[in-house]
Each structure stands twice: as C-alpha cells, then as structure tokens.
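A short worksheet on the structure shown next.
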Amino acid sequence: MGIAVALGGGAALGWAHIGVLQQLQEEGIAVRAAAGTSIGALAAVCLAANRLEQLEKIARSANWLRVLSYLDFHLRPGAMLGGRGILRDLNLHLGNLQFRDLWIPCAVVATDLVTGKPVIIDHGPVSSAVMASIAIPGLFRPVQYDGHFMVDGGVVMPVPVAAARQIAPKLPVLSVNLQGDYHGRRVATAIRTAPKRSHNSMAVVRASTMLLMAELARHTLAIDPPDFGLTLPVGHIEIHDFTKADELIAIGRRAVAENIEEIRALLGRKPLGSR
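In terms of the numbering used here, the sequence shown opens at residue 9 and continues consecutively.
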C-alpha cells in the first residue's frame, strides 16, 4: 500500500516539499510514485532518486550569494538568464540519471509553447527534464527537449495531479499546492488593508500575478481533484526568497502532521475515478 504525490510549483516556496516528504516518511506513509511541476519537479526527482537528504542540505545552506551566482545575464533573445549555473548544478547532483534509474515511478511537467499543452516527462535524462520544468518564461530560455519547445510546467499545470495519476493509476494521490495562499501574500495584504491608497504599479502587477497563479491552481485542482490535498500557508514568504528553507520545511512537516489521519485514510483506498 502507498500513495502518489503531486508536488506543485512555487519557486523558493518549494523547499516546503522537503518537509512534507520527510514527515510522510516518518509517519510511515509510503510514497510509491511522485510527480512534480517546476520546483516540485526537483523535489519529486530527488525523492525518486533517494536524494532528498542532499536536497535538504542544499536548501538549508542556500543564501543570497548562492542565489546571485545563478544570475548569468545575457543578451541573447528568449530570456534574461542563460540558466547555465542551474543546469550545471542539476548535472552535478543528478549526473546522468535516467528516469528508468529512479527507485519509484516519477514524472515532471513542462509546458509546450507550440501546442499550449502540458508535457508529462517520464523518460530520458532527468536533469534536462527538470530544467524544462523550471524554465520560468522570460527568465530562462525555453528548453528544446524530445521534440518539444518547453517552459515551466506551472504555466498550465501548477499542481500535477493528472501526471501522478498517469504514472500511478492505482494509487490515491496527495497533492501539495504552494500557490493557494493568496491572502497571505504581503503585497495582497497591503492592498487589502489600504485599498484606497495609491499603490505603485509593480505592487499591483505582483498582486495580480499571484492571484492569477492561485486561481489557476484552484481551477486545475477542480478539474483534476486529488484524493486529498494540502494547501500550505506560505503566502507570507516571498516566492523568490530561497533563504527561508528552515521555516518552509517546518511548514511542510506541520501540514502533514496536522492532517495525518486524513492522509492515513488514503492507504488502501481506491483512487478517485476508479471507485
């Protein structure tokens, strides 16, 4: 018996996935398959490769100097950053791993800009697939992979329940949504508490983008509902702040602990759509 997990995108907020997965392990909940979008793809792959401890060390040691080292600005069309530093580190930690080498079924989600559809990647080199899944539009160049022209999977599938069901159709799915806490966002709180104040254009754009992401996640979860879903209260942490691993891991652990009875009830249950 076991479950599949669908780990959502959310940039730096994705460190919370580490806490979720660790707490599931400590509670004796076997994760038999993992799907991930964007930062969730990285967490899913590290779980499936038995390298979650390595990811935790990277997360807890992250600082602004390390983050800035990834900002390889360039003048080529398609993006502001080359992504060479991230790809270098992915290759360093994941090496030549192929999906067939992973311990459990695993898939990552990217977006094909030609078709406008999600691409569920469960074969080939792992590091290239993760790079495609985290290629934030405008920030990183689109990735050409397996005949597709791809960007971040969160554009169309921010929480990859459908991907988890594809690779593990007989398992119940636990989803982890990092985008649902719109009202916890600092910029949203500032606008809500002083709606008549003249807020700068960047604050309005940021709030609108965050609301769009939250609503997209809600909509996709309504179309492809999990057997049980966690929406983590992470809105108070900036999506670009990779230095908050300690707090985010604790939030992930607490979310599982507070819902452990509902999660345990998934074990042995037929997944939605097969009952």
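Every residue gets a Cβ at the ideal spot worked out from N, C-alpha and C, and that includes glycine.
Since the structure is predicted, the reported quantities are computational estimates derived from the model, not experimental observations.
- Message: Please list the terminal residues of the continuous alpha helix (DSSP H) segment that includes Q187.
- Response: Reading the sequence shown from its first residue, position 179 is the one you call residue 187. First-last for Q187: undefined, no H or E at that position.
- Cβ pair A12, A42 closer than 8 Å: Position 4 of the sequence shown holds residue 12. Position 34 of the sequence shown holds residue 42. Contact: yes.
- For H25, does the three-state DSSP call read helix, strand or coil? Within the sequence shown, residue 25 is the residue found at index 17, counting from 1. Note: H25 maps to helix in three-state DSSP.
- Item | Buried versus exposed, by CB contacts within 10 Å (16 or more), A135 | As a working mapping, residue 135 is identified with position 127 in the sequence shown. Reading the sequence as shown, one finds Ser at residue 135 and not Ala. Buried, by the Cβ-count rule.
- Message: From the DSSP secondary-structure annotation, give me the bridge partner or partners of C114.
- Response: Counting from one through the sequence shown, the residue named residue 114 turns up at place 106. Bridge partners of C114: A42.
- CB-CB length for A19 against H248, believed under 8 Å: Position 11 of the sequence shown, counting from 1, holds the residue named residue 19. Position 240 of the sequence shown, counting from 1, holds the residue named residue 248. With a Cβ gap of about 6 Å, A19 and H248 count as contacting.
- Task: Could you tell me the boundaries of the alpha helix (DSSP H) in which H8 lies?
- Result: Nothing in the structure corresponds to residue 8, since the chain is present only between 9 and 283.
- Task: With a cut-off of 8 Å on the beta carbons, I'd call G260 and Q31 a contact; round off their distance for me.
- Result: Position 252 of the sequence shown holds residue 260. Position 23 of the sequence shown holds residue 31. Contact holds; Cβ gap of about 7 Å.
- Task: Report the three-state DSSP secondary structure of M158 (helix, strand or coil).
- Result: As a working mapping, residue 158 is identified with position 150 in the sequence shown. Residue state, collapsed to three classes: strand.
- Message: Count Cβ pairs between the stretch 227–243 and the stretch 139–146 that sit closer than 8 Å; are there 3 or more?
- Response: no
- Message: Do Q106 and P133 have their beta-carbon atoms positioned less than 8 Å apart in this structure?
- Response: Taking the sequence shown and counting its residues from 1, one reaches residue 133 at position 125. Taking the sequence shown and counting its residues from 1, one reaches residue 106 at position 98. P133 is a Cβ neighbour of Q106, given a cutoff of 8 Å.
- Message: For A225, tell me which candidate among E269, G162, E246 and A118 has the shortest Cα-Cα distance.
- Response: Mapped onto the sequence shown, residue 225 falls at position 217. If we check each option's Cα against that of A225, G162 comes out closest.
- So, L110 versus A57, is the Cβ gap smaller than 8 Å? Your numbering for residue 110 matches position 102 in the sequence shown. Your numbering for residue 57 matches position 49 in the sequence shown. Closer than 8 Å, so yes.
- Query: G237 by DSSP, collapsed to three states: which one?
  - Reply: If you number the sequence shown from 1, residue 237 lands on position 229. The answer is strand: DSSP assigns G237 an E or B state.
- Does the Cβ of T123 have 16 or more other Cβ atoms within 10 Å, making it buried, or fewer, making it exposed? Taking the sequence shown and counting its residues from 1, one reaches residue 123 at position 115. Result: exposed.
- Given M218 as reference, the closest of R193, S209 and V242 once Cα atoms are compared: Along the sequence shown, one-based indexing puts residue 218 at 210. Residue R193 is the option with its Cα nearest to M218.
- Over the uninterrupted alpha helix (DSSP H) stretch that includes A137, give me the two end residues. Position 129 of the sequence shown, counted from the first residue, corresponds to residue 137. Going by DSSP, A137 is part of the alpha helix (DSSP H) stretching over V134 to S141.
- Span separating the alpha-carbon of P177 from that of L280: For the purposes of this step, residue 177 is identified with residue 169 of the sequence shown, where counting begins at 1. For the purposes of this step, residue 280 is identified with residue 272 of the sequence shown, where counting begins at 1. Their Cα atoms are separated by approximately 10 Å.
- Task: Quick one: measure Cβ to Cβ for L15 and G44, integer angstroms, because I've assumed they're closer than 8 Å.
- Result: Sequence index remark: in the sequence shown, residue 15 carries index 7 (1-based). Sequence index remark: in the sequence shown, residue 44 carries index 36 (1-based). The pair is a contact, with the Cβ atoms about 4 Å apart (cut-off 8 Å).
- Task: Decide if N104 is buried, meaning its Cβ has at least 16 other Cβ atoms within 10 Å, or exposed.
- Result: Here residue 104 is taken as the residue at index 96 of the sequence shown, counted from 1. Classification of N104: exposed, given that the 10 Å Cβ count is below 16.
- Message: Just to confirm my understanding: we take R285, look at its own chain, exclude 5 residues before and 5 after, and list those with CB closer than 8 Å. What are they?
- Response: Beyond the ends of the chain as shown, which are 9 and 283, falls residue 285; an answer cannot be given.
- Within this structure, are the beta carbons of I231 and W23 separated by less than 8 Å? Position 223 of the sequence shown holds residue 231. Position 15 of the sequence shown holds residue 23. Result no, Cβ atoms of I231 and W23 do not sit closer than 8 Å.
- Closest by CA to T251, which one among I47, I112, Q62 and I66? Here residue 251 corresponds to residue number 243 of the sequence shown, with the count starting at 1. When each option's Cα is compared against that of T251, the closest is I66.
- Message: Distance check for E246 and A211, CA to CA, integer angstroms please.
- Response: As a first step, residue 211 must be located in the sequence shown, where it is residue number 203. As a first step, residue 246 must be located in the sequence shown, where it is residue number 238. Approximately 13 Å between the Cα atoms of the pair.
- Message: Could you check whether I26 and L50 sit closer than 8 Å to each other, using their CB atoms as the reference points?
- Response: As a first step, residue 50 is located in the sequence shown; it is residue number 42 there, counting from the start. As a first step, residue 26 is located in the sequence shown; it is residue number 18 there, counting from the start. Not closer than 8 Å, so no.
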